[in-house]
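S.K.: Chains as they are written, first to last, in my numbering: chain A, 1 to 458; chain B, 1 to 1066. What follows is a single structure, and I will ask about it in a moment.
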Amino acid sequence: MHKEAAIRQALILGDKSYHDITVDVVGPIENKAPTAWYVLITIAGLIALWGLGCITYLISTGIGVWGLNKTVGWAWDITNFVWWVGIGHAGTLISAVLLLFRQKWRMAINRSAEAMTIFAVMMAALFPGIHMGRIWVAYWVLPLPNTFGSLWVNFNSPLLWDVFAISTYFSVSLVFWYIGLIPDFATIRDRMSKPLAKKIYGLLSFGWSGKAKNWTRFEEVSLVLAGLATPLVFSVHSIVSMDFATSVIPGWHTTIFPPYFVSGAVFSGFAMVLTLLLIMRKVMKLENYITIKHVEYMNIVIIVTGSIVGVAYLTELFISWYSGVEYESYAFINRFSGPYMWSYFAMMTCNVISPQLLWFKKIRTSLTATFILSIVVNIGMWFERFVIIVTSLHRDYVPSSWSMFYPTWVDVGIFVGTIGIFFTLFLLFARFFPVLALNELKTILKVSGEKYKNEDHH
Amino acid sequence: MANKKQYWVGLEELENTPSFQAAQKNEFSEKAVSVDTFLSETNLEKTSTNRRDFLKFLGFSVTAATVAACETPIINSVPYVNKPESITPGVPTYYASTYFDGSDYGSIVVKTREGRPIFIKGNAKHGINEGSLTARINSSVLGLYDSNRLQGPMAQGSAASWADVDPKIAAGLQSAANSGKSIVLLTGTVMSPSTMAIVKAMTEKYGETAVRHVSYDAYSAYGIRKGNELSFGKSMIPDYDFSKAKVIVSLDADFLDSWVMPTQFIAQYSKNRNPQADWMSKHYHIESRLSLTGSNADVRIPILPSQEGAAILALHNEVSKLVGGTSAAGKTDGLPMDRIAAAAMDLSKNRGKSLVISGSNDPQVQVVVNAINSMLGNYGSTISTDRELFVKQGNDAEVLRLVSDMNAGKVGAILISGDINPAYALPNSNEFVAGLAKVGTSVSFARWADETATHCGYLCPDHHYLEAWNDYRPKSGHLALAQPTINPLYNTRQFQESLMRFCGMEGNYHDFLRQQWQSYSLSNGSESFLFDDYWYNALRTGTVSESVATGGSGIILNAAAVSAAAGGLGKNSSGSGAFELVLYTNTGIGDGSHATNPWLQELPDPISKVTWDNYVAVNPADAKELGLNLTIGQEEPASLVKVTMGDKEVVLPALAQPGQKSGSVSIALGYGRGAGGEAIGRSAFRTKEYGGYDLDGEGRKITIGKNVYPLVTVANGAMNYKGGSVSIEKLGETYPLACTQTHHTIMGRDSVLKETTFSTFQSEPKEVYNPAHLLQVRENGEILKRDVEEVDIWRSHPVVGVGHRWGMSIDLSTCFGCGACVTACHSENNVPVVGKDEIRRGRDMHWLRIDRYYSSDMSLEKGAEEGIGVVDTYRQMEVANYDNPSTVHMPMMCQHCNHAPCETVCPVAATTHSNEGLNQMTYNRCIGTRYCANNCPFKVRRFNWFNYKAYAKFTDVNPSQDATARMVLNPDVTVRSRGVMEKCSMCVQRIQAGKLGAKIKSQPVEDGAIQTACAEACPAQAISFGDLNDAGSIVAASETDKRSYHALADVGVKPNVSYKVKVRNI
């Protein structure tokens, strides 16, 4: 058992026993869901259905139902893709990187963060699929042996790298998440009285018996997966950024993109985790587990990554001037003075200025302020991708082709729809899955539980 | 003995075995069970397969068979039983023919596939147009397949047969003649000698006093004929030779687009626009609107329409000062006298080698123009009165008299040819329609039940010109033949043949024509002994020449006419606060006869780049003052304005048009066709966003644009298209316009577009006007400057010097932006038509576009000098010069980069590089990520946003959704499906055919044997295509020319298309 310095704040508040933790986490699954849950899932479900309807319309009619044109070939589709992938970064970072760094505070948040990651990556993966003109041949991006002759994928294309990056990231995240769930499922199974549910949780828990051997293997697998997942945290968004960085379009063709995208992703991912957890902690009464301290830690990550992002923006701007390339410099002049300057300033305000408020301890420990800022950051990060994609494309090399992009109701519908699907999935998760890694939490109860800590102290 | 041979059935019989004997005995065995016995068998009930099972099996097999039959229906192609001699499936056949629709004329070559005409190109070897065509001519093939064409004769609104209508019409004509009323034959310009012979026969039949032949042009040039009559006593249009003119001064004569005989003038003019030839012509253009021709002038002088008289007088006086002639009194206030004086100076230096022309329909202006040309000694060199041009024979005075005669009941019968549409295009069309009701027998030969035809008693639809025989004499000394290239699609009959029937002539027009030509062959001479030789030679080449009497009749200028005209012009100058109106015909739909052609509706106007609409062009400064929207974009609609002229008014969107003279406005004629809902073509009406026609409050289809022919005024007995005074009132409503280009300046990007002046080009080295983009590189420790073209961090495709390497060179000096290449590409490559709403959304599908840039008053250098900051500098650079921008036209298509950015980013390798240097697009591999289009620096890739060949939105605009119009599709080119990317392929189907042709001949591919559709269509020879690896090819020579550059060379994509620096002669 590891020892924690007394000066550190307790991570589990209140007078909790092992049994209390179990009851607090498993209780909501066993009991009837609160009315709020039904209200929320109805709203989210309707939005999700609307989104699915829009997607059906898109696929049956053609990409022309979006607002794209001959100059701007990507807009909301890829903006949403990158935005969702970015959001999907926090989960793995929290579970893998923080595991390796032995940050025990991650235990209260990693389960939902990982769930969020998986759902976000699912939403992200949707867009490269539906943005294709012919989604019915989407499987051609896979290097499958085929009977079409000597056809093979183009390994030079960053879009192909995306396919591998996203699918690897998704599968590793899913496995990692699932492995973590196994002991918790077993706990639910053991407590469950309804026969069908018991059966299902029994199946899900893979025959976990809680033996020391099980735990050893569990820890080993977690460590191995953390080791595998950590490079992925950095590789996924680096590769996504190469969709732009390897192109010839001014504003895209930038070597700074990989680190800039990764920090942006962590930035937005933590913001989304905060948005979700602040609601969940309230609704599911998890205040004792997800404490102000947790929120503060996450806010600190946001300050750091937000500042990196801010530096990246300014570097980009400087380099565009310093390069002396007229197209490059115009691309950035156009960003802050052209017809889309509002989106540039929205991005700057949301991503660079607003996180700096978190330097104030009062703000960073205020739940309301954090909640608002987390949403602001996610709006800002959406605009960042919009700025990169649309303002670079709409005015590139040949002025005769310069144009504007205007979204249609289908663009908006699908984006809003994915938010609906995401929340539907997350609400289902919150209802049927243990939202905290309860067995992992129990490992820190004795060292970081408020009661135990205070006892030790006195 | 005779029958000794034994035949036996089998070995059994031969050997006569016992079993055989037994069997033979029992040949009709008793044991065989009869059907009845079988059915009455009681054991049958006990078998496992009972009735119910049987029915189940039956049901299953029927269902299975049905399901198995549910496959794609098999459509059998029926092969020829006897293969026609000239048709080999898959191999095109070409016919020389001639196009003339009443205004545009050209010798053409028609490409047919399996008996269907699918492509029209210019006849480069024969004919006065030397292969030059306009977009209107090469798009005319689509009109053949219009499913809205009349499918047979009609009498009083119901379908009839030819046998029915012929005697009735003949009787009608006879009764008109008998009653002493006139029989009027109202036609467009008739240049056909054989047709005139029939008209003559008709005159003979019904009496000379009864038959009146009236020629009418919707957009008339009557002023020129009238002016020449005043000057020389002969109503005619002389032949102009632009190829000899070193200085051209055009007073609003849009000779590259619509004036008199553009196809001939384009060919002549463009020869002298190459700065590397012996000399380069200098072109002054005086006009009120920014016309296609004006946009190509070296010096453009904007004036108000009312200043035309003063301007031409001023030019006259300046010239006469220099050459010593008499001058006439005239006002010069408000005129840019410096530039007019410069023009006069250049003219006087090039006496006999210059040309002054005017598009004015005011005879007095034409008289002064004639006087200037006469002073300069241009008659006999650049202008020939020995050779006449026979186009534009319309006589406005006669037409106007006809309308009043019809209303007065003096006309007993009227025959209206199909190439004109007076009920639409006459300024007083209401009176014409009213008069038509008073005419006893009215016959229309229109191919559609159009505005005029619907008011006629009998409709005798004429053939499309591709189904018909005809002959033309476009100018003295030239005879041309038109021949059918397909059997008539419908039960139509040639106009001339109908006339023959009405005056009791037997036989068909073809035989008549041959007969006529027999007499020409005799008069023309000695070339052929046999008429058949003469005839088939004419058919093969499309044209023959005739001898012209060079009478040397020295033309005598009527000096009195000049002073009278000068007196007349001196007076005319208006100064009212209202706007002066200019009406013109535009490049796409001309005088309105092409309004039903979706290719032409979708062809962007060469100047404004607006499609599918006409609009009021207003100078941006005036637009600002009126409070109108200055920019047009997808969600930036145009302001609607009300144009009022007396009691007539029309509501149209307004476009801020740089170069439009402040104080004047211009509107294109030819729009607003089918206002009465006439069936003039599927794509002639406005469609809704999700398909179907847009209807007005009364359930009528809404026209595309508005008809402004009612605003044509009549002055001095001639139609006057300019100078009418109108008031412009902003309505506060908006209307979307669909523009293919929404940004109009080049933003100082000289790596895209390079231009220079003639003097710089002549005196300075290449580095000044065509500098290479230099990169700093470090080699062996030394820092060097190297041309970006030589620097490569990539492994190159092994195409240089290996096999073929297809390339193209485009001369920006000779390209004048007409758009013929755009429609040729449309036609050759089955490019979908997407309609106004999609164009507005920036989704035009043109594989080839012409970028048009206006000059701006601001530049980065100027901004730095004035210290206004880079942001403001760029903002001001976005704004074009309002009053007189210089204009550049730049054709842009896939550049077939050797380091193509599109190729590396496609995840499925659907776009790849061929070993002949082509950037290829494999449609059936494309999954539609659009990454290639994003990564294309030239933005030439086009995405199939919808299923254009089936989606409801395009039903009424895209020809490939019409069962008849679909026949125009080129069978060599795939019609692309939804969700795939497409782009210029450099007509790979033609390259392939050319290579096969060479292979069959066992020869290397000859330079020029393979032509892309655009290169073939370019009337100015600005586009050349060929093999860059063939050292002797034109394109290889162009590539190394000192004017040659690669667009965006600094990006390093190494295109196979090169451009030549534009040189202005200033």
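Note that the Cβ used here is the ideal one computed from N, Cα and C, for glycine as well.
Just checking my contact of residue 22 of chain A with residue 246 of chain A at CB under 8 Å: how many whole Å lie between their CB atoms?
M.R.: As a position in the first sequence, residue 22 of chain A is number 22, starting the count at 1. As a position in the first sequence, residue 246 of chain A is number 246, starting the count at 1. Going by Cβ atoms, the distance from residue 22 of chain A to residue 246 of chain A rounds to 51 Å, so no, they are not a contact pair.
S.K.: Return the chain-ordered ranges of every alpha helix (DSSP H) run that is complete within the region 704 to 737 of chain B and spans a minimum of 4 residues.
M.R.: Within the region 704 to 737 of chain B, no complete alpha helix (DSSP H) run reaches 4 residues.
S.K.: For a test of the three-state rule: what should DSSP assign to residue 302 of chain B, helix, strand or coil?
M.R.: Here residue 302 of chain B refers to the residue found at position 302 of the second sequence. Three-state result, residue 302 of chain B: strand.
S.K.: Would you say residue 69 of chain A reaches chain B, if we count a Cβ-Cβ gap shorter than 7 Å as a contact?
M.R.: On the first sequence, residue 69 of chain A is found 69 positions in, with the first residue counted as 1. Judged by the 7 Å Cβ criterion, residue 69 of chain A is in contact with chain B.
S.K.: Tell me whether the beta-carbon of residue 436 of chain A lies closer than 7 Å to the beta-carbon of residue 111 of chain A.
M.R.: Locating residue 436 of chain A in the first sequence gives position 436, where the first residue counts as 1. Locating residue 111 of chain A in the first sequence gives position 111, where the first residue counts as 1. For residue 436 of chain A and residue 111 of chain A, yes; Cβs fall inside 7 Å.
S.K.: Please say whether residue 369 of chain A and residue 375 of chain A have beta carbons closer to each other than 7 Å?
M.R.: Your numbering for residue 375 of chain A matches position 375 in the first sequence. Your numbering for residue 369 of chain A matches position 369 in the first sequence. Not a contact, by the Cβ cut-off of 7 Å.
S.K.: Just verifying my parser: in three-state terms, what is the DSSP assignment at residue 161 of chain B?
M.R.: Stepping through the second sequence from its first residue, residue 161 of chain B is reached at position 161. Three-state DSSP puts residue 161 of chain B in coil, outside helix and strand.
S.K.: Using the Cβ count rule (16 or more neighbours within 10 Å means buried), how would you classify residue 27 of chain A?
M.R.: The residue labelled residue 27 of chain A in the question sits at position 27 within the first sequence. So residue 27 of chain A ends up on the exposed side.
S.K.: Along the chain, where does the beta strand (DSSP E) containing residue 183 of chain B start, and where does it finish?
M.R.: The residue given as residue 183 of chain B occupies position 183 in the second sequence. First-last of the beta strand (DSSP E) with residue 183 of chain B: 182 to 187.
S.K.: Tell me which residues of the region 745 to 773 of chain B have at least one Cβ-Cβ distance to chain A shorter than 8 Å, keeping chain order.
M.R.: Here the close residues are 745, 746, 747, 748, 749 and 752.
S.K.: Return the CA-CA distance between residue 324 of chain A and residue 317 of chain A, expressed in angstroms with no decimal places.
M.R.: What you label residue 324 of chain A is simply residue 324 of the first sequence in a count that begins at 1. What you label residue 317 of chain A is simply residue 317 of the first sequence in a count that begins at 1. Taking the straight line from one Cα to the other gives about 12 Å.
S.K.: Relative to the ligand SAH, is the shortest distance from any of its heavy atoms to the C-beta of residue 126 of chain B smaller than 6 Å?
M.R.: Because no ligand of any kind appears in the structure shown, any question about the ligand SAH cannot be addressed here.
S.K.: For residue 635 of chain B, return the contacting residues in chain A, with the cut-off set at a CB-CB distance below 9 Å.
M.R.: One-based indexing of the second sequence puts residue 635 of chain B at position 635. In chain order: 404 and 406.
S.K.: Give a yes or no on whether 7 Å exceeds the smallest Cβ distance from residue 900 of chain B to chain A.
M.R.: Within the second sequence, numbered from 1, the residue matching residue 900 of chain B stands at position 900. Taking Cβ atoms only, chain A never reaches closer than 7 Å to residue 900 of chain B, which makes this a no.
S.K.: Counting only the same chain and skipping the five closest in sequence on each side, list residues whose C-beta sits under 7 Å from that of residue 475 of chain B.
M.R.: Residue numbering aside, residue 475 of chain B sits at position 475 when the second sequence is read from its first letter. Excluding sequence neighbours, residue 475 of chain B sits near 128, 239, 387, 388, 389 and 390.
S.K.: Using a Cβ cut-off of 9 Å, pull out every chain A residue sitting near residue 945 of chain B, in sequence order please.
M.R.: Reading the second sequence from its first residue, position 945 is the one you call residue 945 of chain B. In chain order: 62, 63, 64, 65, 66, 68, 69 and 133.
S.K.: Put residue 772 of chain B into one of helix, strand or coil per three-state DSSP.
M.R.: Against the second sequence, residue 772 of chain B aligns to sequence position 772. Here residue 772 of chain B sits in coil by DSSP.
S.K.: Pull up the CB-CB distance for residue 814 of chain B and residue 225 of chain B, whole angstroms please, since I reckon it's below 8 Å.
M.R.: Your numbering for residue 814 of chain B matches position 814 in the second sequence. Your numbering for residue 225 of chain B matches position 225 in the second sequence. 31 Å between Cβ atoms; not a contact.
S.K.: For residue 323 of chain A and chain B, any beta-carbon pair shorter than 7 Å?
M.R.: The count along the first sequence starts at 1 and reaches residue 323 of chain A at position 323. Not one chain B Cβ lies under 7 Å of residue 323 of chain A.
S.K.: Could you please give the first and the last residue of the uninterrupted beta strand (DSSP E) stretch that includes residue 837 of chain B?
M.R.: Here residue 837 of chain B is taken as the residue at index 837 of the second sequence, counted from 1. Not the beta strand (DSSP E): residue 837 of chain B falls in the alpha helix (DSSP H), residues 835 to 840.
S.K.: Can you tell me the Cβ-Cβ gap for residue 927 of chain B and residue 381 of chain A, rounded? I've got them flagged as a contact below 8 Å.
M.R.: The sequence position of residue 927 of chain B within the second sequence is 927, counting from 1. The sequence position of residue 381 of chain A within the first sequence is 381, counting from 1. Not quite, the Cβ-Cβ distance comes to about 28 Å (not below 8 Å), so this is no contact.
S.K.: Going along the chain, which unbroken runs of the alpha helix (DSSP H) with 4 or more residues stay wholly within the region 868 to 942 of chain B?
M.R.: DSSP runs (the alpha helix (DSSP H)) wholly in the region 868 to 942 of chain B: 870 to 877, 901 to 905 and 931 to 934.
S.K.: Cβ atoms of residue 856 of chain B and residue 745 of chain B: under 7 Å apart, would you say?
M.R.: Your numbering for residue 745 of chain B matches position 745 in the second sequence. Your numbering for residue 856 of chain B matches position 856 in the second sequence. Result yes, Cβ atoms of residue 745 of chain B and residue 856 of chain B sit closer than 7 Å.
S.K.: Might you give, ordered along the chain, the residues of its own chain that have their beta carbon closer than 6 Å to the beta carbon of residue 415 of chain B, omitting 5 neighbours on each side?
M.R.: On the second sequence, position 415 is the one that residue 415 of chain B refers to. Here the set comprises 185 and 443.
S.K.: Examine the Cβ distances between the region 298 to 306 of chain A and the region 120 to 137 of chain A and report whether three or more of them are shorter than 8 Å.
M.R.: At 8 Å Cβ cutoff, the stretches do not touch.
S.K.: Starting from residue 655 of chain B, find everything on chain A with Cβ-Cβ shorter than 7 Å and list it in chain order.
M.R.: Mapped onto the second sequence, residue 655 of chain B falls at position 655. What residue 655 of chain B touches in chain A: nothing, since even the nearest Cβ is about 17 Å away.
S.K.: For residue 192 of chain A, which residues in the same chain have their Cβ closer than 8 Å to its Cβ, ignoring the five residues on either side in sequence?
M.R.: As a first step, residue 192 of chain A must be located in the first sequence, where it is residue number 192. Here the set comprises 30, 198 and 201.
S.K.: Enumerate in chain order the residues of its own chain whose CB-to-CB distance from residue 327 of chain B is below 6 Å, with the five nearest sequence positions on each side excluded.
M.R.: One-based indexing of the second sequence puts residue 327 of chain B at position 327. Cβ within range, chain order: 317 and 320.
S.K.: Whole angstroms is fine: what's the gap from residue 346 of chain B's alpha carbon to residue 729 of chain B's?
M.R.: The count along the second sequence starts at 1 and reaches residue 346 of chain B at position 346. The count along the second sequence starts at 1 and reaches residue 729 of chain B at position 729. Their Cα atoms are separated by approximately 42 Å.
S.K.: The region 230 to 258 of chain A: which residues have C-beta closer than 9 Å to a C-beta of chain B, in chain order?
M.R.: Hits within the stretch, in order: 243, 246, 247, 248, 249 and 252.
S.K.: Going by Cα to Cα distance, which pick from A/447, A/443 and A/420 is closest to residue 50 of chain A?
M.R.: Within the first sequence, numbered from 1, the residue matching residue 50 of chain A stands at position 50. For residue 50 of chain A, the nearest C-alpha among the options comes from A/420.
S.K.: Quick check: what's the CA-CA separation for residue 134 of chain A versus residue 252 of chain A?
M.R.: Position 134 of the first sequence, counted from the first residue, corresponds to residue 134 of chain A. Position 252 of the first sequence, counted from the first residue, corresponds to residue 252 of chain A. Residue 134 of chain A and residue 252 of chain A: Cα-Cα distance of roughly 26 Å.
S.K.: Can you pull the DSSP bridge partners for residue 388 of chain B?
M.R.: Here residue 388 of chain B is taken as the residue at index 388 of the second sequence, counted from 1. Answer by DSSP bridge pairing, in chain order: B/238.
S.K.: Does the beta-carbon of residue 21 of chain B have 16 or more other beta-carbons within 10 angstroms, so that it is buried, or is it exposed?
M.R.: Stepping through the second sequence from its first residue, residue 21 of chain B is reached at position 21. Residue 21 of chain B comes out exposed.
S.K.: Do residue 565 of chain B and residue 364 of chain B come within 7 Å of each other at the CB atom, strictly closer than that value?
M.R.: Position 364 of the second sequence, counted from the start, is the residue given in the question as residue 364 of chain B. Position 565 of the second sequence, counted from the start, is the residue given in the question as residue 565 of chain B. Closer than 7 Å, so yes.
S.K.: Please state if the CB of residue 403 of chain B and the CB of residue 1086 of chain B are separated by a distance shorter than 7 Å.
M.R.: As shown, chain B starts at 1 and ends at 1066. That puts residue 1086 of chain B outside it, with no answer to give.
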